[in-house]
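Structure, as structure tokens:
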Amino acid sequence: MTVFEGGDTECVSLETPFPPRLFCNTTDNTTTCGIHVSYGFRSHRPTKCATGRYVPQVVFKPRGDGDNSPSCGLTITDSMWNRPSCVDVYGVPEGLKDKNKNMDAQLDVTVVTGGVASPVLVSYTVKVEVIDKDKVSVCRSVGDPHITTFDKR
70 MTVFEGGDTE CVSLETPFPP RLFCNTTDNT TTCGIHVSYG FRSHRPTKCA
120 TGRYVPQVVF KPRGDGDNSP SCGLTITDSM WNRPSCVDVY GVPEGLKDKN
170 KNMDAQLDVT VVTGGVASPV LVSYTVKVEV IDKDKVSVCR SVGDPHITTF
220 DKR
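So the sequence shown is residues 70 to 222, counted in our numbering.
What follows is the structure, encoded as structure tokens:
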């Protein structure tokens, strides 16, 4: 998968051929049951600020629930198992000319019953290339020294 910094998102489609109830305790009808997919990224060359803080190159954004904040997982329930769920991958425009980056998206699948998750059943890795769209530039002024800035100084 390839994403561009600040560009369109790309979809990772999550599908299951079986309803989650096949993996859960069916004797308790009040218990919520789902297949939970947690996800995160590993970088081959992580980018750091001068302060040592890591700069995110790419994030996951769930689609369709009106919430555009980054997320760490998605639970597939009995009411939604028969249609694909899409989790968008977005290249973060961080303002650094730091070349293209290769990332591994790690997806871990567990079964959640009554709020308790099982051990990881299966893990998937998706290779993601983040194309750097930042440009090297220099800010300077040429001409009359009597320049008025945006704040009228």
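Cβ atoms here follow ideal geometry from the backbone N, Cα and C, with glycine treated the same way.
task = State the CB to CB distance for the pair Gly103 and Val181, rounded to an integer number of angstroms; the pair is presumed to be in contact (CB under 8 Å).
result = Confirmed, Cβ separation roughly 5 Å.
key: Under 7 Å between C-beta atoms of Val81 and Val199   = Cβ atoms of Val81 and Val199: not closer than 7 Å.
message = Taking the straight line between their C-alpha atoms, what separation do you get for Leu143 and Arg114?
response = Going by the C-alpha atoms only, they are around 27 Å apart.
query = Three-state secondary structure (DSSP) at Arg152?
reply = The answer is coil: DSSP assigns Arg152 none of H, G, I, E or B.
inquiry  = For Val128 and Thr120, what's the separation of their Cα atoms in angstroms?
reply    = Straight-line measurement puts the Cα of Thr120 at about 21 Å from the Cα of Val128.
ask   = Thinking just about the alpha-carbon of each residue, which of Asn151, Lys170, Arg152, Ser154 is nearest to the one in Gly160?
value = Closest option to Gly160, judged by alpha-carbon separation, among Asn151, Lys170, Arg152, Ser154: Lys170.
query = Residues in its own chain within less than 8 Å of Pro89 by CB, not counting five upstream and five downstream?
reply = So the qualifying residues of the chain are Cys102, Gly103, Ile104, Ile145, Thr146, Asp147, Trp150, Val180.
query = With C-beta atoms as the reference, is Lys166 less than 7 Å away from Asp203?
reply = Contact: yes.
Beta-carbon gap between Met70 and Phe110 smaller than 7 Å = Result no, Cβ atoms of Met70 and Phe110 do not sit closer than 7 Å.
C-alpha gap between Thr194 and Ala186, whole angstroms = Roughly 20 Å between the two C-alpha positions.
ask   = What residue does the beta strand (DSSP E) around Tyr108 start on, and which one ends it?
value = Element bounds for Tyr108: 102-112.
ask   = Is the distance from the Cβ of Tyr123 to the Cβ of Lys117 below 7 Å?
value = Yes; because the gap between Cβ atoms is below 7 Å, this pair is in contact.
key: Short Cβ contact (7 Å threshold) for Cys141 with Ser107   = The Cβ atoms of Cys141 and Ser107 sit closer than 7 Å to each other.
inquiry  = Suppose contacts are defined by Cβ-Cβ distances below 7 Å. Is Glu84 in contact with Pro162 by that definition?
reply    = Inclusion of Glu84 and Pro162 in the CB contact set at 7 Å is not warranted, their separation being larger than that value.
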